[in-house]
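Single-structure report; data block below.
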């Protein structure tokens, strides 16, 4: 099925188009609108014919005339569209290695994403256009393992056999693990050989097998074992093997997000993918970034340049509101990956040679007399498990007849005080306190209610209920009921029971559940959409829900999260999305919340503190891994950049390391 956004123009006449372009550039000024309309609505093959017809009719070079008449980014875009794909790639690579410095990102993007045939065509086009050997030029401009992998990719010799040997899949996964995670140092040659030569189908299965035996995705191991441009290249290869459309969607998003636009990247991708997989890229972009590629281009560019890019884009998926096969495949793959059992790890472990009385004395000394030794307090509190902190509280009381919590409250202030005092509470007491704050006073903090209630297991929910009753002498369910309403209240009350099934998946039931969620035709008010989602999302076990979500994708070609966002709104939508994301990948859910708490102007310290405390002994190590996978920067780095003083020291101690 053709997945490009630009197609052959029906009723094409090269001579007629050549004449139209000549007239658009004749005389004073040029008709840019006519030029962009014509060129963006013809396929590359037709544009090449127009160039030949132009030369025959007028004895002039069309590309030279376009360069003369147009300027800036618009000129670069239109001229790029006139080159055959292989010659376009050759020009991009020539520009990337010419002059001072090298544009490694351009080399990586092109060589990691092209098929064997596209690589062969590129090498031939480079030789034809510049009279030089592409491999020799790249070898002369790069070095080390980065150079070696580029040379391997330049051979265009990736295996193309779709018949996969299970034994070889297992062996390659094992070899990659032994070359990296299990080896002192890294055997880069093994990574180069396997990732540079094996077929795409084979490597997808290798990545799945690697996740099973290593307990982490191959991308995370590459980040830990490799570095620099070599690391970036290998990550690009893995991303393209998994989904070329997803790789380009990410590249386009990064080219436009934040201040400024990376126009060279934007032009290169929009031109090179317009007749290959632009529709797939659009679909993945819409699903992954919750806005259409069309709208992001519209907001980030201007003038004729914008108009031409939008024509290449080919449509606005926000307006269509559709969800397509490529996006469904990406979503389905993510569900499959999430089902692999990965060991959850906190960053705070019980201290060895623990001495509760000794720690109590250190804390007392840190708060006695003039001033406070915050460093000593941070060192003790962040390096002990919660169970050990409870012992320190008792030892402090027994030794000094004083309340440690009261002393800490009087000696510390601001964000550090909230963090240290939160760490001294039991997890259930801390969650109960956060929920109480969310419902008391004017207004309700629904985001806190959703975060806690949607992510805690049955045992944690029951402990929270007990702690809440003990601290506030009323039930959590009563407070939730009096402070919320409608379907949102029913969701929270259901979750507050701590009654979720804990058994394995039931394939037959999962199919029925998916069918129930997909049914939009029911007119029975007692069986509303929200009621059906509640009865399944709030009661079924996590393994079972993962199967339900997979069945839903098979049945509808939609991801369940996309369906929720399209069909619901407000707090109900947010609660169901939080449950789905928690089921899918809880560490990724918290990584996303941590990122949002620190990105942009200002820091949401309440969210940052709450998650760092509540996940420090459960899965903060996994959250760190998801954070760097999702945002290409470490949690440690972002905390370091976004916070300050003793608060930062304490957060970094909880974070437990730089990735």
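In our numbering, the protein residues as written are 9 to 667.
Note that beta-carbon positions come from the ideal geometry of N, C-alpha and C, so glycine has one too.
Values in this document were obtained by computation on a predicted structure and should not be read as measured data.
Asked, Found
"Can you find the residues in the same chain that come closer than 6 Å, C-beta to C-beta, to residue 298, ignoring five residues on each side of it along the sequence?", "none"
"Does residue 663 come out as helix, strand or coil in the three-state DSSP assignment?", "helix"
"Would a C-beta distance cut-off of 8 Å place residue 203 and residue 227 closer than the cut-off?", "no"
"Quick one: Cα of residue 86 to Cα of residue 640, how far?", "32 Å"
"Going straight from the alpha carbon of residue 104 to that of residue 162, what length do you get?", "16 Å"
"Note the first and the last residue of the continuous alpha helix (DSSP H) segment covering residue 183.", "174-187"
"For residue 323, which of helix, strand or coil comes out of DSSP?", "coil"
"With respect to the alpha helix (DSSP H) encompassing residue 250, which residues constitute its N-terminal and C-terminal limits?", "236-250"
"With distances taken from CA atoms, which of 422, 449, 452, 459 is nearest residue 439?", "459"
"To the nearest whole angstrom, what separates the beta carbons of residue 573 and residue 581, a pair I think is in contact under 8 Å?", "6 Å"
"Are there three or more Cβ pairs, one per stretch, closer than 8 Å when the stretch 394-413 is compared with the stretch 444-455?", "no"
"So for residue 434, helix, strand or coil by DSSP?", "coil"
"Can the beta-carbon of residue 617 be found less than 8 Å from the beta-carbon of residue 423?", "yes"
"Going along the chain, which unbroken runs of the alpha helix (DSSP H) with 4 or more residues stay wholly within the stretch 94-122?", "112-121"
"Would the beta-carbon of residue 549 fall within 8 Å of that of residue 510?", "yes"
"As an exercise, report each continuous alpha helix (DSSP H) stretch of at least 4 residues that is fully enclosed by the stretch 439-464, in chain order.", "454-463"
"Indicate whether residue 6 and residue 434 have their beta-carbon atoms separated by less than 8 Å.", "This structure leaves residue 6 out entirely; the chain is present only between 9 and 667."
"Quick check on residue 418: does DSSP put it in helix, strand or coil?", "helix"
"Expressed to the nearest angstrom, what Euclidean distance is found between the alpha-carbon atoms of residue 661 and residue 551?", "33 Å"
"Looking only at its chain, what residues have a beta carbon closer than 8 Å to the beta carbon of residue 467, apart from the 5 residues adjacent to it on each side?", "506"
"Can you check whether the CB of residue 115 is closer than 8 Å to the CB of residue 101?", "yes"
"Once you ignore the five residues that flank residue 119 on each side, which residues in its own chain have a CB closer than 7 Å to its CB?", "158, 161, 162"
"Which term fits residue 687, buried or exposed, when burial requires 16 or more other beta carbons within 10 angstroms of its beta carbon?", "The requested residue 687 does not occur in the structure, where the chain is confined to residues 9 to 667."
"Rounded to whole angstroms, what's the CA-CA distance from residue 153 to residue 199? Just pull it up for me.", "10 Å"
"Among 324, 380, 367, 637, which one has its Cα closest to the Cα of residue 402?", "367"
"What residue from 214, 292, 365 has the CA that sits closest to residue 174's CA?", "214"
"Using 10 angstroms around the beta-carbon of residue 373, count the other beta-carbons present and answer buried if the total reaches 16, otherwise exposed.", "exposed"
"Along the chain, where does the alpha helix (DSSP H) containing residue 10 start, and where does it finish?", "No alpha helix (DSSP H) holds residue 10; DSSP gives it neither H nor E."
"Using only CA atoms, which one of 188, 164, 575, 516 lies nearest to residue 206?", "164"
"Answer yes if the stretch 42-52 comes into contact with the stretch 9-18, meaning at least three C-beta pairs across the two stretches below 8 Å, and no otherwise.", "yes"
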